[in-house]
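Under the numbering used here, the first residue of the sequence shown is numbered 134, with each subsequent residue one higher.
C-beta: ideal position from N, C-alpha, C; glycine also.
First the structure, in the form of C-alpha cells, and then the observations on it.
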Amino acid sequence: MTVAPSPCVLVIETDESLANQLACDLQEAGYESILAHDATSGLQYCRDRQPALIVLDRMLAGESGLSLCKNLRSTGMRSPVLILMARDTVDDRVACLEAGADDYILKPYRSEDFLKLIRLYLKPDVDTTEQLRFGDLILDIASRRAIHGGRAIDLTMKEFELLKFLMEHPREVLTREQILENVWGYDFLGESNVIEVYIRYLRLKIEDEGQKRLIQTVRGVGYVLRES
C-alpha cells in the first residue's frame, strides 16, 4: 500500500529562532516543513515546491508579508496562507483579507494554537462531485469555487467554509456563535469582529452591484442566506 506523502508547509519568517520553532512543531506533528527567511526565497520555494500551506510573518526583511501574499495570489497560488501578526484589530484583519490571506496567527507564538489551525486547514480532501445551490448561486465542493450568474469566483479557504455553512442552512438565521463554532472550529479570545470582516468580503465577491443582497444581517443575532 502506498503511503501518501506528508503535506508540505512553507514557513517564511525572518526571526530564525521562531522559524526553527515553527518547523520543529510542524515536523513533530507529521508535516514536512520548508524554511525561508525572506520574501525572495519564499516566493522561489512557492514556485518550486507548491506547498500545501504557507505561513508567513507580516513583518519580513525587505518586503511586507502582506505584499508577498498579494504577489503569491497574483501568480495563481491557491494554497491557504496564514499570517503571523502581533496585533488583532479589525484593520489588521481587513488588511490580511485584502492581501488574500485565509487566516492569521497571533503572537506570542503558542504551539498548540498554531497546530490546531494547521490541522484545520490541512484536513484531507474528500472526493466529491457535490454542489450546493441557492438560486443562481452554486458552490462546487471539490474545486471550492462559487459560480454566480455563470461567473466563476475564487474563494479563500475560510470564505469557502463560511459560504458552505450558509448554503447548508438556507433561510435559517445563524447566530454568530454557531458560525464561529462550525466555520472556525476553535475559540476566539475576547471580542472578535472576524465574522463581519469575512461576510463583507464574501458579499463583495458573490453579490452583484444593484442586485438583492443574498447574505443578510439579522441585527443582534447573526446572518441568514435568503432571497429578500
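Selected residue, minimal CA-CA separation from residue i, among the options
i	options	result
Leu-193	Glu-305, Gly-209, Met-218 and Asp-181	Met-218
Asp-287	Cys-202, Leu-335 and Val-223	Leu-335
Glu-360	Arg-352, Gly-353, Gln-344 and Val-354	Gln-344
Gln-376	Tyr-242, Leu-199, Asp-221 and Glu-196	The structure shown does not extend to residue 376, since the chain is modelled only from 134 through 361, so no value can be given for it.
Cys-158	Leu-250, Ile-339 and Leu-337	Per the sequence presented here, residue 158 reads as Asp, with Cys not at that position. Among Leu-250, Ile-339 and Leu-337, the Cα nearest to that of Asp-158 is on Leu-250.
Leu-176	Tyr-164, Ser-197, Gly-163 and Glu-165	Ser-197
Tyr-254	Asp-171, Thr-173, Gly-318 and Ala-152	Gly-318
Gln-160	Pro-138, Cys-179 and Ala-279	Pro-138
Glu-146	Val-357, Val-306, Ile-238 and Thr-289	Ile-238
Met-210	Arg-191, Arg-180, Val-227 and Lys-297	Arg-180
Arg-206	Arg-252, Asp-225 and Cys-229	Cys-229
Ile-348	Gln-311, Arg-278 and Leu-295	Leu-295
Ser-212	Phe-298, Ser-276, Gln-264 and Leu-151	Ser-276
For residue j and residue i, believed in contact at Cβ under 8 Å, the rounded distance
i	j	result
Pro-81	Ile-167	Any question about residue 81 goes unanswered here, given that the chain covers just 134 to 361.
Cys-202	Ala-232	4 Å
Arg-182	Leu-143	7 Å
Leu-270	Ile-187	Not quite, the Cβ-Cβ distance comes to about 29 Å (not below 8 Å), so this is no contact.
Tyr-355	Val-306	It should be noted that the sequence gives Gly, not Tyr, for residue 355. With 8 Å as the limit, Gly-355 and Val-306 qualify as a contact, their Cβ atoms being about 6 Å apart.
Assigned exposure category for residue i - 16 Cβ within 10 Å defines buried
i	result
Asp-235	buried
Glu-245	exposed
Glu-324	The pLDDT assigned to Glu-324 is 49, lower than 50, so where the model puts this residue is not dependable, and the model offers no usable value.
Val-223	exposed
Thr-289	buried
Residue span of the alpha helix (DSSP H) that contains residue i, given as start and end
i	result
Asp-236	Counting along the chain, Asp-236 falls outside any alpha helix (DSSP H), though it belongs to the beta strand (DSSP E) covering 236-239.
Glu-161	149-161
Thr-173	172-182
Any C-beta of chain C under 8 Å from that of residue i
i	result
Val-306	The structure shown contains no chain C, having only a single protein chain.
Range covered by the beta strand (DSSP E) that runs through residue i
i	result
Asp-273	270-273
Tyr-363	Missing from the structure shown is residue 363; the chain here goes from 134 to 361 and no further.
Asp-190	186-190
Arg-211	Premise fails: Arg-211 is in no beta strand (DSSP E) and is neither H nor E.
Leu-143	141-145
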